[in-house]
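Novice: Numbering (my numbering), first residue to last: 1075 to 1513.
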Ligand code: HAX
């Protein structure tokens, strides 16, 4: 299988680089830790290691060194579409090189072979109460698939440490292949009462399959939107909550299913993946209150009312980024190209003009710029996916690509169990006293 062969070929050199760093330069200081960082979510502490992607605060994400624009340009496109194959992105993340079209098709082929979801997963999903949130269903389905884990089975049989990554890769491919099927099933079952099993067509790519299984609308472009969406949501370096949860759980040698279920559970919070549905809800509230797109002044007042009500304005601000999120820009460009006259898009654009200045006036948010979630719901809404609760599931399917690539490499490089040190308040106070004495 192509991914296994490629990783096998490059792994010795990567292992050597890590060994050199760990053995010969172990004492080199990369960061120091302040009390503020300890108390406020470890923000910005340089303490994680990944080569899959990295985020520059002033530039945004790079996947294996490529910006979003470079990624979209370089990767081979899907048949009949203008966006790259999702399989091409997975290859890039896992191998670190831009694949040829044939190499990308091989990943798509692997997914096609592995997309069958076991019956017991459908049965379990059908047995859940109707009001269950789609993220609960998705996380449950992923956890249930753990029955199939190659890693867990081989570990029990005494697999050698050197081979962990191969079992991790098998699980990751099996899991990512099934996710679009499970997500589409959840969508059709939860919102349309349909319980037939979606059929993955191995002759089509991941994005086209997802669009078909979702049965959203006949508007042209949903398959391309799905490809774009999954690609840009795949990874955002390792410190964000969903990526870090996957990594932390995986570091205990839990299999990819346990680990990805953790990742989804972290993604489900309103400060993380749920923000895309909250952001669209906010825009629709505005639209409802003003019976369409309001004046700049009315929107300004509405934004202040949100802040004065003690709420955040979803879709704005970021833990690391200090500029407009390029994932936002790419989606805005897609929307302007495909439906420039859409009322909700016009409102999103006006919001882009007003909200950053309101946040600046308030003076709390370190970045007043829009993040990925400020517009992703607007695009889904246009294509007919109007059930907000489903939006984080879409994010989850995309995020699986990045976090599983990290998971495979974490096992390949023998990363150990995570175990940072915690301090009591008295210990922090003692550090303050010590610092005062030496000052
Ligand atoms: N609206 C109102 N207040 C905001 C804000 C916003 N959009 N963004 C930040 N702030 C506030 C914070 O709540 C914080 O207030 P307190 O001091 O009273 O706690 C203050 O500004 C400083 O926050 P920060 O350092 O700029 O931002 P954080 O790193 O603490 O938080 C968040 C980053 C993304 C969680 C934050 O900007 C936020 O809540 N944004 C709205 C929700 C959102 O869009 N989340 C999605 C982010 C992207 C993502 O991960 N997607 O999955």
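Glycine included, each C-beta is placed from N, C-alpha and C at the ideal position.
1) Using the C-alpha atoms, what's the distance from residue 1421 back to residue 1412?
2) In whole angstroms, give me the CA-to-CA distance for residue 1171 and residue 1432.
3) Decide if the stretch 1090-1097 is in contact with the stretch 1182-1199; the criterion is three or more beta carbon pairs, one per stretch, under 8 Å apart.
4) Can you tell me which of 1493, 1503 and 1479 puts its alpha carbon nearest to the alpha carbon of residue 1169?
5) So is the beta-carbon of residue 1441 under 7 Å away from any non-hydrogen atom of the ligand HAX?
6) Mapping the DSSP letters down to three states, classify residue 1128 as helix, strand or coil.
7) Any heavy atom of the ligand HAX within a distance shorter than 7 Å of the CB on residue 1474?
8) Residue 1469 by DSSP, collapsed to three states: which one?
9) Buried or exposed: which applies to residue 1501, given that a residue is buried once 16 or more other Cβ atoms fall within 10 Å of its Cβ?
10) Taking only heavy atoms of the ligand HAX into account, decide whether any of them is closer than 7 Å to the Cβ of residue 1130.
11) Which full runs of the beta strand (DSSP E) of 3+ residues lie inside the stretch 1236-1276, going along the chain?
12) Look at residue 1163 and residue 1475 and say whether their C-beta atoms are less than 8 Å apart.
13) Only counting the same chain, and skipping five residues up and downstream in sequence, which positions put a Cβ closer than 7 Å to that of residue 1398?
14) Cα separation between residue 1283 and residue 1473?
15) If you draw a straight line from the C-alpha of residue 1181 to the C-alpha of residue 1226, how long is it?
16) Within its chain, find whatever has a CB closer than 7 Å to the CB of residue 1148; leave out the 5 residues flanking it on each side and keep chain order.
17) If residue 1452 and residue 1418 are in contact, beta carbons under 8 Å, what's the gap, nearest whole angstrom?
18) Report all residues from its chain with a CB closer than 7 Å to the CB of residue 1235; omit the five preceding and five following residues, and keep chain order.
19) Less than 8 Å separating the beta-carbons of residue 1302 and residue 1260?
20) Going by beta-carbon coordinates alone, are residue 1429 and residue 1455 separated by less than 8 Å?
21) In the DSSP assignment, find the beta strand (DSSP E) that holds residue 1134 and state where it starts and stops.
22) Among the residues of its own chain, which have a CB less than 6 Å from the CB of residue 1461, if the five just before and after it don't count?
23) Along the alpha helix (DSSP H) that carries residue 1182, what are the first and last residues, could you check?
24) Thinking C-alpha only, which one of 1446, 1289 and 1387 is nearest residue 1458?
25) Could you check where the alpha helix (DSSP H) with residue 1445 kicks off and where it finishes?
26) Apart from the five residues on each side of it in sequence, which residues of its chain come closer than 7 Å, Cβ to Cβ, to residue 1375?
27) Pull up the CB-CB distance for residue 1138 and residue 1167, whole angstroms please, since I reckon it's below 8 Å.
28) Helix, strand or coil: how does DSSP classify residue 1151 here?
29) Taking only heavy atoms of the ligand HAX into account, decide whether any of them is closer than 7 Å to the Cβ of residue 1463.
30) Would the C-beta of residue 1400 count as close to the ligand HAX, meaning under 7 Å from any of its heavy atoms?
31) Within the same chain, show all residues whose beta-carbon is closer than 7 Å to that of residue 1208, passing over the 5 residues directly before and after it, in chain order.
32) Would you check if the distance between the CB atom of residue 1160 and the CB atom of residue 1279 is smaller than 8 Å?
33) What ranges does the alpha helix (DSSP H) occupy inside the stretch 1269-1334, keeping only unbroken runs of at least 4 residues that lie completely in it?
34) Less than 8 Å between the CB atoms is what I'm expecting for residue 1400 and residue 1135, so what's the real figure, rounded?
35) Let me confirm a value: residue 1281 is counted as buried when at least 16 other C-beta atoms fall within 10 Å, else exposed. Which label applies?
36) Can you give me the C-alpha to C-alpha distance between residue 1308 and residue 1477, rounded to a whole angstrom?
Specialist: Reading it off the structure:
1) Here residue 1412 refers to the residue found at position 338 of the chain shown. Here residue 1421 refers to the residue found at position 347 of the chain shown. Going from the Cα of residue 1412 to the Cα of residue 1421 covers about 16 Å.
2) For the purposes of this step, residue 1171 is identified with residue 97 of the chain shown, where counting begins at 1. For the purposes of this step, residue 1432 is identified with residue 358 of the chain shown, where counting begins at 1. So the alpha carbons of these two residues sit roughly 42 Å apart.
3) Counting Cβ pairs under 8 Å, fewer than three are found: no touch.
4) The residue given as residue 1169 occupies position 95 in the chain shown. Among 1493, 1503 and 1479, the Cα nearest to that of residue 1169 belongs to 1479.
5) Stepping through the chain shown from its first residue, residue 1441 is reached at position 367. For the ligand HAX, a non-hydrogen atom lies closer than 7 Å to the CB of residue 1441.
6) Walking along the chain shown from the start, residue 1128 turns up at place 54. Residue 1128 falls in the strand class under three-state DSSP.
7) By one-based count along the chain shown, residue 1474 stands at place 400. The answer is no for residue 1474.
8) On the chain shown, position 395 is the one that residue 1469 refers to. In the structure shown, residue 1469 sits in a helix (DSSP, three-state: H, G or I).
9) Here residue 1501 refers to the residue found at position 427 of the chain shown. That one is exposed.
10) Position 56 of the chain shown, counted from the first residue, corresponds to residue 1130. Within 7 Å of the C-beta of residue 1130 there is not a single heavy atom belonging to the ligand HAX.
11) Considered as a whole, the stretch 1236-1276 harbours no complete run of any beta strand (DSSP E) with no fewer than 3 residues.
12) Taking the first residue of the chain shown as position 1, residue 1163 is located at position 89. Taking the first residue of the chain shown as position 1, residue 1475 is located at position 401. It is a contact, given that the beta carbons lie within the stated cut-off.
13) Along the chain shown, read from residue 1 onward, the residue named residue 1398 stands at position 324. So the list reads 1443 and 1444, once near-sequence residues are dropped.
14) As a working note, residue 1283 is residue 209 in the chain shown. As a working note, residue 1473 is residue 399 in the chain shown. When rounded, the distance between both Cα atoms is 18 Å.
15) By one-based count along the chain shown, residue 1181 stands at place 107. By one-based count along the chain shown, residue 1226 stands at place 152. Cα atoms of residue 1181 and residue 1226: separation of roughly 23 Å, rounded to the nearest angstrom.
16) Here residue 1148 corresponds to residue number 74 of the chain shown, with the count starting at 1. Around residue 1148: 1140 and 1172.
17) Locating residue 1452 in the chain shown gives position 378, where the first residue counts as 1. Locating residue 1418 in the chain shown gives position 344, where the first residue counts as 1. Yes, residue 1452 and residue 1418 are in contact; Cβ-Cβ is about 5 Å, under 8 Å.
18) For this step, residue 1235 is matched to residue 161 along the chain shown. Excluding sequence neighbours, residue 1235 sits near 1488.
19) The residue you call residue 1302 lines up with position 228 of the chain shown. The residue you call residue 1260 lines up with position 186 of the chain shown. No, Cβ-Cβ distance for residue 1302 and residue 1260 is not below 8 Å.
20) Within the chain shown, numbered from 1, the residue matching residue 1429 stands at position 355. Within the chain shown, numbered from 1, the residue matching residue 1455 stands at position 381. Taking 8 Å as the Cβ cut-off, residue 1429 and residue 1455 do not qualify as a contacting pair.
21) Your numbering for residue 1134 matches position 60 in the chain shown. If you look at residue 1134, you'll find it in the beta strand (DSSP E) that goes 1134-1137.
22) Stepping through the chain shown from its first residue, residue 1461 is reached at position 387. Cβ within range, chain order: 1265.
23) In the chain shown, counting from the first residue as 1, residue 1182 sits at position 108. Where residue 1182 is concerned, the enclosing alpha helix (DSSP H) starts and stops at 1175-1188.
24) On the chain shown, residue 1458 is found 384 positions in, with the first residue counted as 1. Considering only alpha carbons, the answer is 1289.
25) Against the chain shown, residue 1445 aligns to sequence position 371. Where residue 1445 is concerned, there is no enclosing alpha helix (DSSP H), because DSSP gives it neither an H nor an E.
26) Residue mapping note: residue 1375 aligns to position 301 of the chain shown, counting from 1. So no residue of the chain qualifies.
27) Taking the chain shown and counting its residues from 1, the one referred to as residue 1138 is at position 64. Taking the chain shown and counting its residues from 1, the one referred to as residue 1167 is at position 93. Taking C-beta atoms under 8 Å as the contact rule, residue 1138 and residue 1167 qualify, at a distance of about 7 Å.
28) Stepping through the chain shown from its first residue, residue 1151 is reached at position 77. In the structure shown, residue 1151 sits in a strand (DSSP, three-state: E or B).
29) Mapped onto the chain shown, residue 1463 falls at position 389. Every heavy atom of the ligand HAX is 7 Å or more from the Cβ of residue 1463, so no.
30) Translated into positions along the chain shown, residue 1400 becomes position 326. Distances taken from the Cβ of residue 1400 to the heavy atoms of the ligand HAX include none shorter than 7 Å.
31) Here residue 1208 refers to the residue found at position 134 of the chain shown. Taken in chain order, the residues that qualify are 1260, 1264, 1463, 1464 and 1467.
32) On the chain shown, residue 1160 is found 86 positions in, with the first residue counted as 1. On the chain shown, residue 1279 is found 205 positions in, with the first residue counted as 1. For residue 1160 and residue 1279, yes; Cβs fall inside 8 Å.
33) You should have 1280-1288, 1296-1306 and 1315-1324.
34) Stepping through the chain shown from its first residue, residue 1400 is reached at position 326. Stepping through the chain shown from its first residue, residue 1135 is reached at position 61. A Cβ-Cβ separation of about 7 Å places residue 1400 in contact with residue 1135 under the 8 Å criterion.
35) Here the question's residue 1281 lines up with position 207 in the chain shown. Buried, by the Cβ-count rule.
36) Indexing the chain shown from 1 puts residue 1308 at position 234. Indexing the chain shown from 1 puts residue 1477 at position 403. Whole-angstrom Cα-Cα distance: 8 Å.
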